Ligand SMILES: Nc1ncnc2c1ncn2[C@@H]1O[C@H](COP(=O)(O)OP(=O)(O)O)[C@@H](O)[C@H]1O
Ligand SMILES: [Mg+2]
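Residue numbers (my numbering), protein chains in the order written: chain A, 46 to 303; chain B, 13 to 312.
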């Protein structure tokens, strides 16, 4: 059942939450700093010794690397979503809103939409740095739309995942700690180097985990290579994660009222 | 703005549904609530008459916040019924939320927003026209006009509490629930909150406030209900409650028995309920009065 005030309430609460982001812009910069640092480290220090294989074509290492860096950016960014939600819960604002005639899911959607906006800004910053150090793509508009679509879907999925610790954490650290494994996952994927050279079990894991599927799809789109069926695997991971996260988050939210 | 013919206060009133009946502002019957094995409310019966102030008195952990959360639809009761402004908290939650405003035990203000923005936010979420004007009016009423442009995080504890209270009054809700509104405040800030409650009561708003301070209950409330062991032990006016003390007591104590005496007498052990440690020790000297009041409870 959709509340009559859903859109209006969501807009009011999103504006509030975006004001928070605007008043602490350091959160957006901080989100971008670590991925940028990793990118610089790999491009200028380690990149020379990584063989991206013939499949990567003539592109530079930063072309190969960027998709993984974008995923790391989102993984870092959503920890702030959990953080902001946790502060609302801790500070009693969630209860205040819930005791008012406000559409109930608006409270969560406002955080989710804010997360999308904040992450997009961080992603633009990261792409800007990548372009500055030589990233180039000849991708046409449809391919770019594909990249943007996958990134939005991935951000949405990770954001809803972040809602869960945001609602259940008992400390600020706990609220953001969930993102550490997410940030680490790309290191066990094709994000930094092709999986071929990895030892058996690691390689198996890398080839069957979502980051590899998503990174490969993004890279194919950006380097104008055929995406094949890989893009469906990537989308399936994103949609599956999103559905699961929304279900668990919604259940957690309802359980808070019992 | 001045061109308008004297704006009536009605436009700023929330689109609160008309009261479902002329019954009490709050009605609670047989309410129970447990957290796992811990039975916090064991059959609470309570009425708050329209336009009156009821103080719910109880020691720490008595279940005041639990009851308040059930009334403000934040928590579901296990059994029993509760209605606010004639609306059932379980089945008409939305109408209840439009009728009632909660000021929780801890100030719930948005520290990153200014005082003014906090009030405007609440006005928008209550779907009221002219949120700016509502904010200005409340800032003035709570002596926050000057601080209104500062972020609420920079406010003192007393100012945050006033802002919190002001946020609860946006849209003139029919029923205002205040959960320990003065706990943790310095004496001056406490007086400020008392003045605000008195003003609310004078304006005809029904108020349910919880407190651990007997003085606060004496000062503000038309009626006082004592929550102990999961039930309302007594519910009456200050005069009725003081009358519960045995007459003999008057001979020994020259000053009027304080509500504290009533409280200690009533909450002493012997009712099959776990007494608070502090209550249990101080109850030793009042055992005889306990017996007397137990017999007389039915008269209330
Ligand atoms: N969410 C909860 N889970 C378990 N126990 C709780 C919870 N909330 C409160 N309690 C317990 O219920 C009792 C009553 O709490 P509360 O309603 O907050 O009392 P009061 O507001 O009168 O101090 C306390 O013993 C408290 O520890
Ligand atoms: Mg309490």
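Beta carbons: idealized from backbone N, C-alpha and C, even for Gly. Since we're looking at a predicted model, the values are computed, not measured.
> Is any heavy atom of ligand 1 found at a distance shorter than 6 angstroms from the C-beta of residue 76/B?
Replying inline: True, at least one ligand heavy atom lies under 6 angstroms from that Cβ.
> Using the rule of at least 16 other Cβ atoms within 10 Å of the residue's Cβ for burial, across every protein chain shown, is residue 97/B buried or exposed?
Replying inline: Buried is the call here.
> Can you tell which of 86/A, 131/A, 295/A, 80/A has its C-alpha closest to the C-alpha of residue 212/A?
Replying inline: Closest by C-alpha distance to residue 212/A, out of 86/A, 131/A, 295/A, 80/A, is 131/A.
>> I'd like to know if the segment 177 to 190 of chain B and the segment 144 to 153 of chain B are in contact, where contact means that at least 3 CB-CB pairs between them fall below 8 angstroms.
In response: Touching, per the Cβ criterion.
>> What does the alpha-carbon distance come out to for the pair residue 83/A and residue 114/A?
In response: Residue 114/A has its alpha-carbon roughly 8 angstroms from the corresponding atom of residue 83/A.
> Is there at least one non-hydrogen atom of ligand 2 closer than 6 angstroms to the beta-carbon of residue 117/B?
Replying inline: For ligand 2, at least one heavy atom lies less than 6 angstroms from the Cβ of residue 117/B.
> In chain A, which residues lie with their C-beta within 7 angstroms of the C-beta of residue 136/B?
Replying inline: Listed along chain A are 57, each with a C-beta nearer than 7 angstroms to that of residue 136/B.
> Relative to chain B, which residues along the segment 128 to 146 of chain A have a C-beta separation below 9 angstroms, given in chain order?
Replying inline: Answer in chain order: 132, 133, 136, 137, 138, 139, 140, 141, 142, 143, 144, 145, 146.
>> Below 9 angstroms on C-beta distance, what does residue 50/A contact in chain B?
In response: Contact annotation for residue 50/A against chain B: 137, 139 [CB-CB distance below 9 angstroms, chain order].
> Heavy atom of ligand 1 less than 6 angstroms from the Cβ of residue 73/B, yes or no?
Replying inline: Yes, ligand 1 has a heavy atom inside 6 angstroms of this Cβ.
> Considering only residues of the same chain and omitting the five flanking positions on each side of residue 213/B, which have a CB-CB separation below 7 angstroms?
Replying inline: If the five residues before and after residue 213/B are omitted, its C-beta is found closer than 7 angstroms to the C-beta atoms of 65, 219, all from its own chain and listed in chain order.
>> Looking only at its chain, what residues have a beta carbon closer than 8 angstroms to the beta carbon of residue 41/B, apart from the 5 residues adjacent to it on each side?
In response: Answer for residue 41/B: 57, 92, 93, 94, listed in chain order.
> Quick one: Cα of residue 289/B to Cα of residue 231/B, how far?
Replying inline: Note on residue 289/B: pLDDT 43, under 50, position unreliable in the model; no value is reported.
> Can we count residue 1/B as close to ligand 1, meaning its CB is less than 6 angstroms from some heavy atom?
Replying inline: Residue 1/B is absent from the structure shown; chain B starts at 13 and stops at 312.
> Taking DSSP as the reference, what is the three-state secondary structure of residue 240/B?
Replying inline: Note: residue 240/B maps to strand in three-state DSSP.
>> Just to confirm, is the Cβ distance from residue 236/B to residue 69/B under 7 angstroms?
In response: Yes, the Cβ-Cβ distance between residue 236/B and residue 69/B is below 7 angstroms.
>> Pop quiz: residue 165/B and residue 147/B are said to be a contact at Cβ under 8 angstroms. What is the actual Cβ separation, rounded to whole angstroms?
In response: Contact flag wrong, Cβ pair sits at about 18 angstroms.
> Below 7 angstroms between beta carbons: does that hold for residue 81/A and residue 171/A?
Replying inline: Inclusion of residue 81/A and residue 171/A in the CB contact set at 7 angstroms is warranted, their separation being smaller than that value.
>> By alpha-carbon positions, which one of 117/A, 125/A, 66/A, 58/A ends up nearest to residue 221/A?
In response: That would be 125/A, whose Cα lies nearest to the Cα of residue 221/A.
> To which residues does DSSP link residue 248/B through a beta bridge?
Replying inline: BP columns for residue 248/B point to 236/B.
>> If we define contact as Cβ-Cβ less than 7 angstroms, is residue 156/A a contact residue for chain B?
In response: Not one chain B Cβ lies under 7 angstroms of residue 156/A.
>> Just list the residues that DSSP pairs residue 163/B with in beta bridges.
In response: Paired residues: 126/B.
> Do the segment 185 to 198 of chain B and the segment 126 to 133 of chain B make contact, defined as three or more Cβ pairs closer than 8 angstroms?
Replying inline: No, the segment 185 to 198 of chain B does not touch the segment 126 to 133 of chain B.
>> Please list, in chain order, the chain A residues whose beta carbon lies closer than 9 angstroms to that of residue 100/B.
In response: Within chain A, no residue comes near residue 100/B; the closest Cβ sits about 16 angstroms away, beyond 9 angstroms.
> Given residue 203/A, which residues of its chain have a CB within under 6 angstroms of its CB, disregarding the five upstream and five downstream residues?
Replying inline: Residues 119, 123 of the same chain have their beta carbon placed closer than 6 angstroms to that of residue 203/A, with the five preceding and five following residues left out of the count.
> What in chain A is Cβ-close to residue 181/B, meaning under 8 angstroms?
Replying inline: Annotation: residue 181/B has no Cβ neighbours in chain A at a cutoff of 8 angstroms; minimum Cβ distance is about 13 angstroms.
> Would a C-beta distance cut-off of 7 angstroms place residue 61/B and residue 36/B closer than the cut-off?
Replying inline: Cβ distance < 7 angstroms, so residue 61/B and residue 36/B count as in contact.
> Taking any Cβ of chain A, which residues in the segment 96 to 120 of chain B have a Cβ under 7 angstroms from it, in chain order?
Replying inline: Taking 7 angstroms as the Cβ-Cβ cut-off against chain A, the residues of the segment 96 to 120 of chain B that qualify are 106, 109, 110, 114, 116, 118, 120.
> On the three-state DSSP scale, how would you describe residue 86/B?
Replying inline: Correct three-state label for residue 86/B: coil.
>> Going by beta-carbon coordinates alone, are residue 53/B and residue 75/B separated by less than 7 angstroms?
In response: Against a cut-off of 7 angstroms, the Cβ pair of residue 75/B and residue 53/B comes out as a contact.
> Quick one: what does DSSP say residue 170/B is sitting in, helix, strand or coil?
Replying inline: In the three-state scheme derived from DSSP, where H, G and I count as helix and E and B as strand, residue 170/B is classed as helix.
>> Am I right that residue 201/B and residue 136/A are in contact with their C-beta atoms under 8 angstroms? What's the rounded C-beta distance?
In response: Going by Cβ atoms, the distance from residue 201/B to residue 136/A rounds to 19 angstroms, so no, they are not a contact pair.
> In chain A, which residues lie with their C-beta within 8 angstroms of the C-beta of residue 195/B?
Replying inline: Under the 8 angstroms cutoff, chain A gives no residues; its nearest Cβ is about 14 angstroms from residue 195/B.
> In or out: residue 242/B buried (at least 16 other Cβ within 10 Å) or exposed?
Replying inline: Answer is buried; the Cβ neighbour count reaches 16.
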